[in-house]
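Read the structure below first, then the notes.
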Amino acid sequence: MTPPLIASARLINQRIADTDFTQPSEIVRWMGAMQAQDYFMAKRAIGLRIKNATDKSVEIAFSRGEFLRTHLLRPTWHFVAPEDIRWMIRLSAPQIKIQIRARDRQLELTEAVFTKSNLILGKFLSEKENATRDEISDMLNNSGIKTDDSRLSHLMIHAELDEIICSGPLKGRKQTYALLEERVSRHKDLNHEESLAELALRYFTSHGPATVIDFSWWSGLSLTKARQALEMVKQMLLHENSGSETYWFKDSLINDVLIENSVHLLPAFDEYLISYRNRSVSIDSDNTRKAISSNGIFRPLIVINGRVEGIWKRTIQKDIVFIEMTLFRSPEKTALKAIESAVLKYGDFLELRTRLSLISKTSAG
Numbered sequence: 056m057t058p059p060l061i062a063s064a065r066l067i068n069q070r071i072a073d074t075d076f077t078q079p080s081e082i083v084r085w086m087g088a089m090q091a092q093d094y095f096m097a098k099r100a101i102g103l104r105i106k107n108a109t110d111k112s113v114e115i116a117f118s119r120g121e122f123l124r125t126h127l128l129r130p131t132w133h134f135v136a137p138e139d140i141r142w143m144i145r146l147s148a149p150q151i152k153i154q155i156r157a158r159d160r161q162l163e164l165t166e167a168v169f170t171k172s173n174l175i176l177g178k179f180l181s182e183k184e185n186a187t188r189d190e191i192s193d194m195l196n197n198s199g200i201k202t203d204d205s206r207l208s209h210l211m212i213h214a215e216l217d218e219i220i221c222s223g224p225l226k227g228r229k230q231t232y233a234l235l236e237e238r239v240s241r242h243k244d245l246n247h248e249e250s251l252a253e254l255a256l257r258y259f260t261s262h263g264p265a266t267v268i269d270f271s272w273w274s275g276l277s278l279t280k281a282r283q284a285l286e287m288v289k290q291m292l293l294h295e296n297s298g299s300e301t302y303w304f305k306d307s308l309i310n311d312v313l314i315e316n317s318v319h320l321l322p323a324f325d326e327y328l329i330s331y332r333n334r335s336v337s338i339d340s341d342n343t344r345k346a347i348s349s350n351g352i353f354r355p356l357i358v359i360n361g362r363v364e365g366i367w368k369r370t371i372q373k374d375i376v377f378i379e380m381t382l383f384r385s386p387e388k389t390a391l392k393a394i395e396s397a398v399l400k401y402g403d404f405l406e407l408r409t410r411l412s413l414i415s416k417t418s419a420g
């Protein structure tokens, strides 16, 4: 299995190259979870993987609770399907709490504080149904729980991990929190082993071909736990070797189809790059620092035939979205039309006219 074939298979399995999904909830469920710390970019991550999506249609589905936004897997926001939120939180909460414990101590946040905050927050939301972050901050401060510095963020993360709250409906342009018990109906509970197996199968099906180290990184599980999870489902998977690595995936690689003449504008923090520990299949090492900042910010990407070939940014002025591209090398002529098509697709998603304001090439180094 060659790197280009791995990249092509990932485009297919992540439903970037083509998709049969029509609803946001379908792709979120398929992917298992989708990183969503940048909410506005994350909506596009959903939209590019389903048919005929617009920013507005994705936002309406989110506000209705057809998919949710919470902290799980790693200590960051993810979109997740309602039927998956409880078992996925229970699987990942212990490891996330360990990762943020040192900062909890610095902020003088103890289990007693979290228990008190959860009780107050639960009562508040049972009466109010949903509330914005600012409304919750004011309420907790008035109840004697300080929310300065990063305390509010940690209080809210713990409330999510303790299954008290999750994302609520939008209030204008502001996001809200709601009680998980009221927002999500009960679904079949999975025990720990079932959760491990389900997460592994979901990941290798939607993100494969991938290695067990990739899965460990994405899931936040220890490598030991990741291997245990893979062991449970490997009879349902295929695998091939590339160099010293073993790649696992659900189905045959579409008869070794190599995707050509394709260009995709991927949003910041997209699963196509962030969900793998080893990203060499999709990006040259010399370009990694251009695509990922030193403090871990994953920039919006230009992906040509499965390879990250540049970055982009947008500026919206009235009814026009200006796209500024920075390419790592001069594109082939066949890619130029595909680039223009990708820009138009993004405009369709935003329901705005588009203008490709600049295509430039980065300097070496």
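In our numbering, the protein residues as written are 56 to 420. Don't be surprised by glycine CBs; every beta carbon is placed ideally from N, CA and C.
Minimum C-alpha distance to Gln230 - residue among Arg119, Ala281 and Thr170: For the purposes of this step, residue 230 is taken as residue 175 along the sequence shown, with counting starting at 1. Measuring from the Cα of Gln230, the nearest candidate turns out to be Arg119.
Bridge partners - Arg408, DSSP secondary structure assignment: Position 353 of the sequence shown, counted from the start, is the residue given in the question as residue 408. Arg408 is bridged to Ile375.
Range covered by the beta strand (DSSP E) that runs through Val168: Within the sequence shown, residue 168 is the residue found at index 113, counting from 1. Element bounds for Val168: not the beta strand (DSSP E) but the alpha helix (DSSP H), Glu166 to Lys183.
Nearest-angstrom Cα separation, counted from Lys388 out to Cys221: Mapped onto the sequence shown, residue 221 falls at position 166. Mapped onto the sequence shown, residue 388 falls at position 333. Answer to the nearest angstrom: the Cα atoms are 47 Å apart.
CB contact flag (Tyr331, Asp269, <7 Å): One-based indexing of the sequence shown puts residue 331 at position 276. One-based indexing of the sequence shown puts residue 269 at position 214. In this structure, Asp269 lies closer than 7 Å to Tyr331 by Cβ.
Ala116 at chain E interface by Cβ criterion, 7 Å: Of the chains in the structure shown, none is chain E; there is only one protein chain.
Segment contact flag, the region 186 to 196 with the region 147 to 156, C-beta cutoff 8 Å, min 3 pairs: no
Residue span of the beta strand (DSSP E) that contains Met261, given as start and end: The residue you call residue 261 lines up with position 206 of the sequence shown. Inspection of the sequence shows that residue 261 is occupied by Ser rather than by Met. No beta strand (DSSP E) holds Ser261; the alpha helix (DSSP H) holding it covers His247 to His262.
Beta strand (DSSP E) runs contained entirely in the region 94 to 169, provided each spans 3 or more residues: 123 to 126 and 132 to 135
Ile212 - partner residues in DSSP beta bridges: Residue 212 sits at position 157 when you count from the first residue of the sequence shown. DSSP output for Ile212 lists no bridge partner at all.
Spatial distance of Ala255 from Met143 (CA atoms): The residue you call residue 255 lines up with position 200 of the sequence shown. The residue you call residue 143 lines up with position 88 of the sequence shown. Approximately 12 Å between the Cα atoms of the pair.
For Ser192, the first and last residue of its enclosing beta strand (DSSP E): Counted from its first residue, the sequence shown places residue 192 at position 137. Premise fails: Ser192 lies in the alpha helix (DSSP H), Arg188 to Asn197, not in any beta strand (DSSP E).
Same chain only: Cβ atoms within 7 Å of Ser335, ignoring 5 sequence neighbours per side: Here residue 335 refers to the residue found at position 280 of the sequence shown. Cβ neighbours of Ser335 beyond the five flanking positions: none.
Classification of Gln69 by the beta-carbon crowding that lies within 10 angstroms, buried from 16 upward: Here residue 69 corresponds to residue number 14 of the sequence shown, with the count starting at 1. With 16 or more other Cβ atoms within 10 Å, it is buried.
The region 132 to 142 in contact with the region 236 to 243 per 3-pair CB rule at 8 Å: yes
Identity of the residue in Ser297, Phe95, Pro58 and Asp203 nearest Asp110 by Cα: One-based indexing of the sequence shown puts residue 110 at position 55. Closest option to Asp110, Cα to Cα, is Phe95.
Segment contact, 8 Å Cβ cut-off, at least three pairs: the region 163 to 181 with the region 262 to 276: no
Residues sharing a beta bridge with Ala265, DSSP: Residue 265 sits at position 210 when you count from the first residue of the sequence shown. Trp303, per the DSSP bridge assignment.
Phe383 to Asp204 span [Cα, whole Å]: The residue labelled residue 383 in the question sits at position 328 within the sequence shown. The residue labelled residue 204 in the question sits at position 149 within the sequence shown. One C-alpha to the other measures close to 39 Å.
Straight-line Cα distance separating Val398 from Ala108: For the purposes of this step, residue 108 is taken as residue 53 along the sequence shown, with counting starting at 1. For the purposes of this step, residue 398 is taken as residue 343 along the sequence shown, with counting starting at 1. Ala108 and Val398: Cα-Cα distance of roughly 15 Å.
Buried or exposed (CB count within 10 angstroms, at least 16 for buried), Gly365: For the purposes of this step, residue 365 is identified with residue 310 of the sequence shown, where counting begins at 1. So Gly365 ends up on the buried side.
Ala233 - DSSP class collapsed to helix/strand/coil: If you number the sequence shown from 1, residue 233 lands on position 178. DSSP places Ala233 in strand when its eight states are reduced to three.
Close Cβ partners of Ile414 (< 7 Å) along its chain, the five nearest in sequence each way excluded: Within the sequence shown, numbered from 1, the residue matching residue 414 stands at position 359. For Ile414, where only same-chain residues beyond five positions count, the Cβ hits under 7 Å are Met380 and Leu382.
One or two residues paired with Glu295 in a DSSP bridge: On the sequence shown, residue 295 is found 240 positions in, with the first residue counted as 1. Bridge partners of Glu295: Tyr302.
Local Cβ density within 10 Å of Asp374, reported as buried at 16 or more and exposed below that: Taking the first residue of the sequence shown as 1, we reach residue 374 at position 319. So Asp374 ends up on the exposed side.
Thr80 - containing alpha helix (DSSP H), residue span: Translated into positions along the sequence shown, residue 80 becomes position 25. The question names Thr, yet the displayed sequence has Ser at residue 80. Per DSSP, Ser80 belongs to the alpha helix (DSSP H) from Pro79 to Met86.
Per-residue burial, Val312 [other beta carbons within 10 Å of its own, 16 or more giving buried]: Counting from one through the sequence shown, the residue named residue 312 turns up at place 257. Val312 is exposed by the Cβ-count criterion.
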